[in-house]
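Residues 1407 to 1561 (this note's numbering) are what the sequence shown spells out, left to right.
Every residue gets a Cβ at the ideal spot worked out from N, C-alpha and C, and that includes glycine.
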Amino acid sequence: MGSYVEFLNIIIDCVDKQGWAIMPIFGENVRFCYTIGLWQNYKHPEIIMVGLPMELSSNTLSFAACQIQHSKKVYQPDIEYFEEFFENSKTIFKPVAKSNYDYYFGMALRYYGNIEVPPLQLFWQNENGEYPWNATVDFSEQPDLSIDFKVENVK
């Protein structure tokens, strides 16, 4: 495994060549992906997805990044997008609370240094058409990062 500096250089190279990079974080109890470079190159908030398999998250974020890059798409918070990302499903973006930046955006924070970058979380509906904040079933794999909470309280 390479060093932190080598990994950061790979991200820098990817952002320079492609316009963005996807940062996957997947482990036993952790599953999320986010973009790096959208703010620098397009003044669009970085985007995070929590809870989906790595390939699906990466592909979805890459699609969003391509829309931002080529179509000048600007994803807005609190607006539903129908079939933008998933067939027969709505999605919505919400701003991420600052208390969640350190845990979820570690590499992006290091990449940007002292520049404050406003991230958005992309939420999808469950099979019942519900979002985490109004779900009647357990939705713990998709925590709402717009809420201020401490990571140690997340299961």
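Exposed or buried, which one is residue i when buried takes at least 16 other CB atoms within 10 Å?
i: tyrosine 1410; result: exposed
i: serine 1463; result: buried
i: tryptophan 1445; result: buried
i: histidine 1450; result: buried
i: aspartate 1419; result: exposed
i: proline 1538; result: buried
i: isoleucine 1442; result: buried
i: threonine 1497; result: buried
From the DSSP output, read off the bridge partner residues of residue i.
i: alanine 1427; result: Ile1442
i: threonine 1497; result: Tyr1487, Trp1530
i: methionine 1432; result: Correcting the residue type first, residue 1432 is phenylalanine in the shown sequence and not methionine. Looking at the DSSP assignment, phenylalanine 1432 forms a beta bridge with Arg1437.
Please say whether residue j and residue i have beta carbons closer to each other than 8 Å?
i: phenylalanine 1511; j: asparagine 1532; result: no
i: isoleucine 1417; j: tyrosine 1517; result: yes
i: alanine 1427; j: valine 1421; result: yes
i: isoleucine 1553; j: alanine 1503; result: yes
i: glycine 1425; j: asparagine 1447; result: yes
i: glutamine 1473; j: phenylalanine 1499; result: no
i: isoleucine 1454; j: proline 1525; result: yes
i: glutamine 1527; j: glycine 1457; result: no
i: leucine 1414; j: cysteine 1439; result: no
i: glutamate 1486; j: serine 1495; result: no
Under DSSP, the beta strand (DSSP E) around residue i begins and ends at which residues?
i: leucine 1551; result: Element bounds for leucine 1551: n/a, residue is neither H nor E.
i: tryptophan 1530; result: 1526-1530
Quick one: give me the first and last residue of the alpha helix (DSSP H) that residue i is part of.
i: aspartate 1508; result: 1507-1510
Comparing the C-beta of residue i with each C-beta of chain B, is any distance below 8 Å?
i: serine 1468; result: The displayed structure is made up of one protein chain only, and chain B is not part of it.
Legend entry - Contained beta strand (DSSP E) runs [length at least 3] in the stretch 1445-1495, N- to C-terminal order: Listed in chain order, the complete beta strand (DSSP E) runs (minimum 3 residues) inside the stretch 1445-1495 are 1453-1456, 1486-1488.
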